[in-house]
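Going by the working numbering, the letters in the sequence shown line up with residues 11 to 314, in that order. A virtual CB, placed ideally from N, CA and C, is assigned to each residue, including glycine. These notes concern the structure reproduced below.
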Amino acid sequence: MIGGEGPGWLSEALGRDVLRLEPVAGGCIHAACRALMSDGSQLFVKSNSPAQLELFASEVDGLDALRRLAPPGLVVPAVEAWGVSGGRSYLVLEWLPLLRSGDWSRLGTGLARLHRRSASEPVHSGAGNGERFGWHRNNAIGSAPQSNRWHGSWGMFFRQERLLPQLQWAGIEDRDLPGLDRALERLPAWLDAHACDPCLVHGDLWSGNAALLDGGGGSLYDPAVYLGDREVDLAMARLFGGFPESLFEAYEEEWPLPPGHRERSEVYDLYHLLNHANLFGGGYQRQARASIRTMLRLLERPPV
11 MIGGEGPGWL SEALGRDVLR LEPVAGGCIH AACRALMSDG SQLFVKSNSP AQLELFASEV
71 DGLDALRRLA PPGLVVPAVE AWGVSGGRSY LVLEWLPLLR SGDWSRLGTG LARLHRRSAS
131 EPVHSGAGNG ERFGWHRNNA IGSAPQSNRW HGSWGMFFRQ ERLLPQLQWA GIEDRDLPGL
191 DRALERLPAW LDAHACDPCL VHGDLWSGNA ALLDGGGGSL YDPAVYLGDR EVDLAMARLF
251 GGFPESLFEA YEEEWPLPPG HRERSEVYDL YHLLNHANLF GGGYQRQARA SIRTMLRLLE
311 RPPV
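Written out as structure tokens, the structure is:
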């Protein structure tokens, strides 16, 4: 734990005096701590082995993208520094006073405004030739790699860059779940029947990656960004729980979701269930297979 070590390496990296490091909870991939600075300020610090520097690089990219488009009242922590020092990779962010209880409607409103703004303002030029869905670099979903190659079709992007890599990793094939190949063939057209503009999505929006702020408003962090269907963020926020209904009601009031979003969320959930099954095993494997069967049934119906 970095909180049990001296702060010299961080002082050297920042060029500022760090009095001490205090471990904080919440990090399942990186070690996390609060840095108490000699000027009385505080910083949030994550560290890992030097081999994990690319994880921090993609996180910095995602935070910067979200921060540029975040509306007033939705705070994305500023990046203070990142790199390698003292035999470890690190990321230093501004310290935010986070809360778990309060008025979650503010976060729902802020998320809707971020999505809407990103749909109308240039976020990234893309690959050209009409390829609008993806991102200019790959990143990570948890500790797993996430491919963001550009596609002109949202349905094709979701099949090729989200479901297929996870299904291949899990070793799930049509012989295991008959009808899977046919469903995957139909999936792009099924999703594209829902015309969606590419929005900047958080990409990993479970309750551990968002919070309220002391003093009002909300905050997003630990992103896995790309340009995609805004519904993926709402789907994941519901999938693992932890958010009150007021968040979703506020989002809908600010920018209502189109018909069929509940059905599409069942398909979007499969990506995260497969990822959890591949990373953690256990009950997630059963959930992922049940989710595949749900997708097979949905794709037998006309899209909403």
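On the three-state DSSP scale, how would you describe residue 236?
The residue labelled residue 236 in the question sits at position 226 within the sequence shown. Under the three-state reduction of DSSP, residue 236 is assigned to strand.
Per DSSP, what kind of secondary structure is residue 150 in: helix, strand or coil?
The sequence position of residue 150 within the sequence shown is 140, counting from 1. Look at residue 150 here: in three-state DSSP terms it is strand.
Count the CB pairs spanning the region 109-126 and the region 255-266 that are closer than 8 Å, and state whether there are at least three.
Contact holds: three or more Cβ-Cβ distances are below 8 Å.
Does DSSP put residue 98 in a helix, in a strand, or in coil?
Within the sequence shown, residue 98 is the residue found at index 88, counting from 1. Strand.
Residues that residue 286 bridges to, as DSSP identifies them:
Reading the sequence shown from its first residue, position 276 is the one you call residue 286. By DSSP's assignment, residue 286 forms no beta bridge with any residue.
Three-state class that DSSP yields for residue 219 in the structure shown:
If you number the sequence shown from 1, residue 219 lands on position 209. Residue 219: helix per DSSP, three-state reduction.
Compute the distance between the beta-carbons of residue 301 and residue 251, then report whether it is under 9 Å.
The count along the sequence shown starts at 1 and reaches residue 301 at position 291. The count along the sequence shown starts at 1 and reaches residue 251 at position 241. Contact: no.
Who are the near neighbours of residue 109 in its chain, counting only those whose CB is closer than 8 Å to its CB and skipping five residues on each side?
Numbered from 1 along the sequence shown, position 99 holds the residue referred to as residue 109. Excluding sequence neighbours, residue 109 sits near 221, 222, 223, 224.
Coil, strand or helix - residue 33 by DSSP
Along the sequence shown, one-based indexing puts residue 33 at 23. Here DSSP, grouped into helix, strand and coil, assigns residue 33 to strand.
Start-to-end residues for the alpha helix (DSSP H) that takes in residue 228
Along the sequence shown, read from residue 1 onward, the residue named residue 228 stands at position 218. No alpha helix (DSSP H) contains residue 228, which is instead part of the beta strand (DSSP E) from 228-230.
Sequence-distant residues of the same chain with beta carbon closer than 7 Å to residue 249, five excluded per side:
For the purposes of this step, residue 249 is taken as the residue at position 239 of the sequence shown. Result list for residue 249: 279, 282, in chain order.
What separation, rounded to the nearest whole angstrom, lies between the Cα atoms of residue 312 and residue 165?
Residue mapping note: residue 312 aligns to position 302 of the sequence shown, counting from 1. Residue mapping note: residue 165 aligns to position 155 of the sequence shown, counting from 1. Looking at the two C-alpha atoms, the distance is approximately 15 Å.
Nearest-angstrom Cα distance between residue 67 and residue 174?
The sequence position of residue 67 within the sequence shown is 57, counting from 1. The sequence position of residue 174 within the sequence shown is 164, counting from 1. Cα to Cα, residue 67 sits roughly 25 Å from residue 174.
Can you give the Cα-Cα distance for residue 204 and residue 153, rounded to whole angstroms?
Taking the sequence shown and counting its residues from 1, one reaches residue 204 at position 194. Taking the sequence shown and counting its residues from 1, one reaches residue 153 at position 143. In a straight line, the C-alpha of residue 204 is about 31 Å away from that of residue 153.
Would residue 85 and residue 230 qualify as a contact pair, given that the criterion is a beta-carbon distance under 9 Å?
Taking the first residue of the sequence shown as 1, we reach residue 85 at position 75. Taking the first residue of the sequence shown as 1, we reach residue 230 at position 220. Yes. Within cutoff.
Please classify residue 11 as buried or exposed, where buried requires at least 16 neighbouring CB atoms within 10 angstroms.
Here residue 11 refers to the residue found at position 1 when the sequence shown is read from its first residue. Because residue 11 carries a pLDDT of 41, less than 50, the predicted location of this residue cannot be relied on, and the following value inherits that uncertainty. Note on residue 11: under 16 other CB atoms within 10 angstroms of its CB, so exposed under the neighbour-count rule.
Quick check: residue 87 and residue 54, are their CB atoms within less than 9 Å of each other?
Taking the sequence shown and counting its residues from 1, the one referred to as residue 87 is at position 77. Taking the sequence shown and counting its residues from 1, the one referred to as residue 54 is at position 44. Cβ atoms of residue 87 and residue 54: closer than 9 Å.
In whole angstroms, what separates the C-alpha of residue 28 from that of residue 73?
Translated into the one-based positions of the sequence shown, residue 28 becomes position 18. Translated into the one-based positions of the sequence shown, residue 73 becomes position 63. Residue 28 and residue 73 have their C-alpha atoms some 24 Å from each other.
Just grab the DSSP bridge partners of residue 5 for me.
One cannot answer for residue 5 here, as it falls past the ends of the chain, which runs 11 to 314.
Let me make sure I understand the geometry here. Which of 182, 145, 48, 106 has the alpha-carbon closest to that of residue 26?
For the purposes of this step, residue 26 is taken as residue 16 along the sequence shown, with counting starting at 1. Comparing Cα positions, the closest option is 48.
Less than 9 Å separating the beta-carbons of residue 202 and residue 214?
Here residue 202 is taken as the residue at index 192 of the sequence shown, counted from 1. Here residue 214 is taken as the residue at index 204 of the sequence shown, counted from 1. For residue 202 and residue 214, no; Cβs fall outside 9 Å.
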